[in-house]
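K.L.:
One structure, pasted below without further comment.
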Amino acid sequence: MLGTCEDTLFELFHGAIVSTILKDATAEEEIDERISKLEYIGFSSGLRLAERFTRDLPRFKDELDIIKFLCKDFWTAVFKKQVDNLRTNHQGVYVLQDSKFRMLEKVSNGRQYLDKSSRLLVYTCGLIRGWLAALNVPCVVTAEVISMPACKFHIHLQRSS
Amino acid sequence: MTVYNMYIFSKDGRMLFYHEWQRKKKSRQSIEQEGKLMFGMLHSLQSFVSKMSPVSVKDKFLSYKTNKYCLTMLEPPSGVKFVINTDVSSSGVQELVHTIYKQVYVEYITMNPIIEVGEEIKCELFRQKLDNLIKQSVIHSSKAE
């Protein structure tokens, strides 16, 4: 059964933004520039989302606590499920694995359209980066897809040394 | 119920998709030509049907039955045509086509951000889901018989 109107609308909106921003971009620099824009759109959403999301909650204990909240509560609210696997090297690098990522679910069940799949993760990378930045956890977020609908998000925390 | 084959046409007559599950008699023309013939016929038939209609409501479904097979067509408001050929004893075909539209086409083609609207359908996931649905319907109906 189809979800609520907001769910459908978000998916369609996301898809439309991705294709509009990347439309007619051929040169690599042009594509990179557009991808940055897309990432920034996610970043600015994530920044504000953190304010709205966490105002009722007690302060987090430590950064691991924040990442766990990201994997459980945040992911459930935005992507309708929890992150399936979290790995860390305990030195500021976290890898989040989602075996059935919402933005890739309708695209393919394997490797078809793999070359176009990364563009569907850019907004989310920005969203995560913005959300963590608002909670004073600056970082860099990248993503990889090996076989859809599974994907991984890599979060590198930036420490001031 | 036996599903023989299925066609999907865009609003302007291009064949977006064709698949066969069982086709005992191969056609003598290419699939593209067959598609054009099919679309042309359906278009004329729809026009004839609405002109001859004794009631004013526009039909959503159209089907014809020969002694060997039954063709059922669904045209939702967007204008895309779904045509399916089944055996004569099949029941619930209209529901099946409706389900194909709602649960497979809308979910995996319309909602797929990579595919452009009106493009020929080459999506593997769509094919898989369609296949699953057809197989389930065939199994379900043979249990009921």
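So the protein lines, in turn, are chains A and B.
So the first sequence is numbered by our numbering: it starts at 1250 and just counts up by one.
So the second sequence is numbered by our numbering: it starts at -6 and just counts up by one.
Glycine included, every Cβ here is placed at the ideal spot set by N, Cα and C.
Since this is a predicted model, take the numbers as computed values, not measurements.
Express the C-alpha separation of L9 (chain B) and E112 (chain B) in angstroms, rounding to a whole number.
P.N.:
So the two alpha carbons sit approximately 7 angstroms from each other.
K.L.:
How would you list, in chain order, the residues of chain A whose beta-carbon sits under 8 angstroms from the beta-carbon of Q22 (chain B)?
P.N.:
Near Q22 (chain B) there are no residues of chain A at all, since even the closest Cβ is about 30 angstroms away, more than 8 angstroms.
K.L.:
With a 10 Å radius around its C-beta and 16 neighbouring C-beta atoms as the bar for buried, classify L1306 (chain A) as buried or exposed.
P.N.:
Its Cβ having fewer than 16 others within 10 Å, L1306 (chain A) is exposed.
K.L.:
How far does the alpha helix (DSSP H) with Y62 (chain B) in it extend, from its first residue to its last?
P.N.:
Run containing Y62 (chain B): none; DSSP gives neither H nor E here.
K.L.:
Tell me the residue span of the alpha helix (DSSP H) that contains M45 (chain B).
P.N.:
I24 to M45 is the extent of the alpha helix (DSSP H) around M45 (chain B).
K.L.:
Less than 9 angstroms between the C-beta atoms of I102 (chain B) and F75 (chain B), yes or no?
P.N.:
No; because the gap between Cβ atoms is not below 9 angstroms, this pair is not in contact.
K.L.:
Could one say the Cβ of Y101 (chain B) lies closer than 9 angstroms to chain A's Cβ atoms, at least one of them?
P.N.:
It does: the Cβ of Y101 (chain B) has a partner Cβ on chain A nearer than 9 angstroms.
K.L.:
To the nearest angstrom, how far is it from the Cα of Y100 (chain B) to the Cα of P106 (chain B)?
P.N.:
Note on identity: in this sequence residue 100 (chain B) is Glu, with Tyr being the wrong assignment. Computed Cα separation, rounded: 11 angstroms.
K.L.:
Can you list, in chain order, the residues of the segment 1257 to 1278 of chain A whose Cβ is nearer than 9 angstroms to any Cβ on chain B?
P.N.:
Listed in sequence order: T1257, E1260, L1261, H1263, G1264, A1265, V1267 and S1268.
K.L.:
Relative to the C-alpha of L1384 (chain A), which candidate in A:V1371, A:D1364 and A:D1314 has its C-alpha closest?
P.N.:
Cα-wise, what sits closest to L1384 (chain A) is A:D1314.
K.L.:
Less than 8 angstroms separating the Cβ of Q129 (chain B) from some heavy atom of the ligand SAM?
P.N.:
Looking at this structure, you won't find the ligand SAM or any other ligand, since it has none at all.
K.L.:
Can you grab the Cα-Cα spacing for the pair H1263 (chain A) / F1328 (chain A), in whole Å?
P.N.:
C-alpha separation (whole angstroms): 13 angstroms.
K.L.:
Put M1250 (chain A) into one of helix, strand or coil per three-state DSSP.
P.N.:
Unreliable placement is indicated for M1250 (chain A), whose pLDDT of 48 sits below 50; the coordinate value is still reported in the next sentence. Here M1250 (chain A) sits in coil by DSSP.
K.L.:
For the beta strand (DSSP E) containing Y1362 (chain A), name the first residue and the last one.
P.N.:
It is not in any beta strand (DSSP E) - Y1362 (chain A) carries neither H nor E in the DSSP assignment.
K.L.:
Are at least three pairs of beta-carbons, each pair with one atom in the segment 1288 to 1308 of chain A and one in the segment 1370 to 1378 of chain A, less than 8 angstroms apart?
P.N.:
As far as the Cβ criterion goes, the segment 1288 to 1308 of chain A touches the segment 1370 to 1378 of chain A, which means the pair count is three or higher.
K.L.:
Quick one: is S1410 (chain A) buried, meaning 16 or more other Cβ sit within 10 Å of its Cβ, or exposed?
P.N.:
Unreliable placement is indicated for S1410 (chain A), whose pLDDT of 44 sits below 50; the coordinate value is still reported in the next sentence. So S1410 (chain A) ends up on the exposed side.
K.L.:
Is Y1362 (chain A) close to chain B, meaning its C-beta is less than 9 angstroms from at least one C-beta of that chain?
P.N.:
Yes, because at least one Cβ of chain B sits closer than 9 angstroms to the Cβ of Y1362 (chain A).
K.L.:
In angstroms with no decimal places, state the Cα-to-Cα distance between V1309 (chain A) and Q1346 (chain A).
P.N.:
Residue identity differs from the one stated: residue 1309 (chain A) is Phe in this sequence, not Val. F1309 (chain A) and Q1346 (chain A): Cα-Cα distance of roughly 22 angstroms.
K.L.:
For E88 (chain B) and Y1362 (chain A), I'd like the C-alpha separation in whole angstroms.
P.N.:
Those two C-alpha atoms are separated by around 31 angstroms.
K.L.:
Are there 16 or more other CB atoms within 10 angstroms of the CB of C1400 (chain A), so buried, or fewer, so exposed?
P.N.:
Its Cβ being crowded by 16 or more others within 10 Å, C1400 (chain A) is buried.
K.L.:
So what does DSSP say about R1301 (chain A), is it helix, strand or coil?
P.N.:
R1301 (chain A) falls in the helix class under three-state DSSP.
K.L.:
Can you give me the start and stop residues for the beta strand (DSSP E) that R1336 (chain A) sits inside?
P.N.:
First-last of the beta strand (DSSP E) with R1336 (chain A): N1334 to T1337.
K.L.:
For G1375 (chain A), return the contacting residues in chain B, with the cut-off set at a CB-CB distance below 9 angstroms.
P.N.:
Result: empty, since nearest Cβ-Cβ is about 17 angstroms, beyond 9 angstroms.
K.L.:
Classify Q87 (chain B) as helix, strand or coil using the three-state DSSP reduction.
P.N.:
The answer is helix: DSSP assigns Q87 (chain B) an H, G or I state.
K.L.:
Is it right to say Y57 (chain B) is buried, meaning 16 or more other beta carbons lie within 10 angstroms of its own, or is it exposed?
P.N.:
Result: exposed.
K.L.:
Write down the C-beta distance between V1394 (chain A) and L1353 (chain A) rounded to the nearest angstrom, noting that I regard them as a contact closer than 8 angstroms.
P.N.:
Yes, they are in contact, since the Cβ atoms of V1394 (chain A) and L1353 (chain A) sit about 7 angstroms apart, within 8 angstroms.
K.L.:
If you follow the alpha helix (DSSP H) that L1313 (chain A) is in, where does it begin and where does it stop?
P.N.:
Looking at the DSSP string, the run of the alpha helix (DSSP H) that includes L1313 (chain A) is E1312 to F1318.
K.L.:
Considering only residues of the same chain and omitting the five flanking positions on each side of M31 (chain B), which have a CB-CB separation below 7 angstroms?
P.N.:
Excluding positions up to five away in sequence, the list reads Y0 and V76.
K.L.:
Need the endpoints of the beta strand (DSSP E) that Y98 (chain B) sits in, please.
P.N.:
Segment: none, Y98 (chain B) is in no beta strand (DSSP E) and carries neither H nor E.
K.L.:
Taking the alpha carbon of K61 (chain B) as the reference point, which residue from B:H12, B:I132 and B:R16 has its own alpha carbon closest?
P.N.:
Nearest of B:H12, B:I132 and B:R16 to K61 (chain B), Cα basis: B:R16.
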